[in-house]
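In the working numbering, the protein residues as written are 150 to 498. Glycine included, every Cβ here is placed at the ideal spot set by N, Cα and C. These notes are about the structure you will find just below.
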Amino acid sequence: MLYAYNGTGKTRISMLFKDKAKENGEGKRDTLYFNAFTEDLFQWDNDLENNRERVLKINADSNFFNGFKELALEEKIFPYLERYADFDYKIDYEKWTISFSKSIRIAEEEDGNLIEKTKVIDNIKISRGEETIFIWCVFLAICQLTIEGAEAYNWVRYFFIDDPISSLDDNNAIAVASDLSQLLLKNGRKIKTVISTHHILFFNVLFNELKNEQSLRYFLHKNAKDTYTLRKTNDSPYFHHIASLSELKQAVESGNIKTFHFNILRSILEKTSSFFGFKEFGKCIHGIDDDVLFKRALNLLSHGKYSVYEPVDMNEDNKDLFKRIFTAFLEKYQFELPVLLLEETIQTT
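Here is the structure:
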């Protein structure tokens with residue numbers, strides 16, 4: 150399990166993993182993956198001319214759909230989909246399209262009385278979140294078939310799952326993580342699985358439900374020089390805060406403080422204030438010397454223009470200010486930085 154912020158390169162890593170597996174297997178595929186490319190295997194035809202026959206088109210050339218028709222995949226998809234959504238669907242295997250429908254309750258007058266009836270609306274355009282859920286359910290169904298030993302997917306040795314919960318609310322994030330955990334716990338074929346995400350809640354649920362398994366959990370960070378750092382954790386799902394604080398501590402001790410470090414510190418204070426129920430991050434530094442100055446400085450210096458990919462040296466006055474804010478914050482909240490982290494640095498090639 151890998152936790153990494155958006156823009157770190159999780160999708161790229163999933164594709165590199167797939168390509169590396171092909172090299173090791175003499176060009177044979179062995180990875181079933183879910184990432185942004187998987188979602189691109191589905192494309193909307195919105196029937197712009199008539200605005201009626203809206204369908205989701207399937208790229209039937211992909212190996213992802215090897216057993217789509219022969220293995221009665223609908224029977225596997227429905228039990229997952231009904232947990233997340235209230236729409237129905239139909240697959241046209243001749244045209245390789247999917248149409249969606251939804252049942253609604255309406256009131257109609259009959260003989261002076263209002264009668265409630267069910268009406269089916271066909272060819273609806275589902276939302277981005279519903280589309281993500283549907284594709285995710287298709288993936289879960291294929292994973293289930295793979296684990297059960299379906300011949301069409303006997304080539305799969307690895308699952309690589311990258312951020313399956315984009316566009317989803319917290320309730321669905323929990324449900325997706327729970328369903329995935331339960332599926333993996335029934336993994337009779339012992340297919341090795343990599344899961345990467347930037348979603349805190351999703352990671353936490355997986356962490357808790359798989360904590361008794363032989364699973365490894367890491368924080369993945371990429372700095373400005375294309376250096377990746379893996380920080381292993383077996384203690385707390387909230388380790389990403391600790392990992393960031395540890396990185397800031399190293400910057401303070403080395404004096405190599407960049408402008409974007411203000412962004413990282415501001416992010417940590419925002420999360421800390423949310424955890425304690427404060428209305429704004431300034432409450433995290435309230436009661437310490439120069440708290441008004443510190444809040445104003447963080448507001449001023451924590452701008453999005455300070456990108457981690459274009460680090461800018463900080464002047465000495467601001468470096469000193471950063472050290473004072475950071476030190477005061479750690480003195481107030483007493484994070485155990487050295488205990489929770491095991492660090493390993495990996496250089497990219």
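So, using beta-carbon positions, are residue i and residue j closer together than 8 Å?
i           : j           : result
residue 267 : residue 250 : no
residue 326 : residue 282 : no
residue 379 : residue 397 : no
residue 296 : residue 335 : yes
residue 322 : residue 348 : yes
residue 407 : residue 462 : yes
residue 367 : residue 151 : yes
residue 430 : residue 419 : yes
residue 424 : residue 434 : no
residue 290 : residue 181 : no
residue 229 : residue 286 : yes
residue 160 : residue 185 : yes
residue 344 : residue 305 : no
residue 187 : residue 288 : yes
Would you give the residue range spanned by the alpha helix (DSSP H) that residue i belongs to?
i           : result
residue 284 : 277–296
Starting from the Cα of residue i, find the closest Cα among the options and give me that residue.
i           : options               : result
residue 246 : 194, 377 and 307      : 194
residue 350 : 269, 434, 324 and 239 : 324
residue 465 : 371, 329 and 405      : 405
residue 200 : 476, 273 and 328      : 273
residue 254 : 482, 244 and 269      : 269
residue 209 : 190, 482 and 394      : 190
residue 153 : 280, 381 and 298      : 381
residue 355 : 371, 393 and 313      : 313
residue 202 : 166, 399 and 248      : 248
Looking at the structure shown, is residue i part of a helix, part of a strand, or coil, going by DSSP?
i           : result
residue 456 : In this prediction, residue 456 scores a pLDDT of 46, lower than 50, which makes its location untrustworthy; the coordinate-derived value is nonetheless stated afterwards. Looking at residue 456 - three-state DSSP - the assignment turns out to be coil, as it is neither helix nor strand.
residue 363 : coil
residue 348 : coil
residue 274 : coil
residue 154 : coil
residue 354 : helix
residue 378 : strand
residue 484 : coil
residue 466 : helix
residue 427 : coil
residue 386 : Low confidence applies to residue 386: its pLDDT is 44, below 50, so where it sits in the model is not reliable enough to give any reading.
residue 408 : coil
residue 371 : strand
residue 497 : The predicted position of residue 497 is uncertain, since its pLDDT is 42 and thus under 50; no value can be drawn from it.
residue 162 : helix
residue 398 : helix
residue 339 : coil
residue 299 : coil
residue 472 : helix
In terms of residues, what are the limits of the beta strand (DSSP E) holding residue i?
i           : result
residue 323 : Element bounds for residue 323: not the beta strand (DSSP E) but the alpha helix (DSSP H), 319–334.
residue 307 : 307–311
residue 180 : 180–183
Entirely within the segment 190–272 and at least 3 residues each: give me those beta strand (DSSP E) ranges in chain order. 191–194, 204–207, 236–241, 246–259 and 262–271
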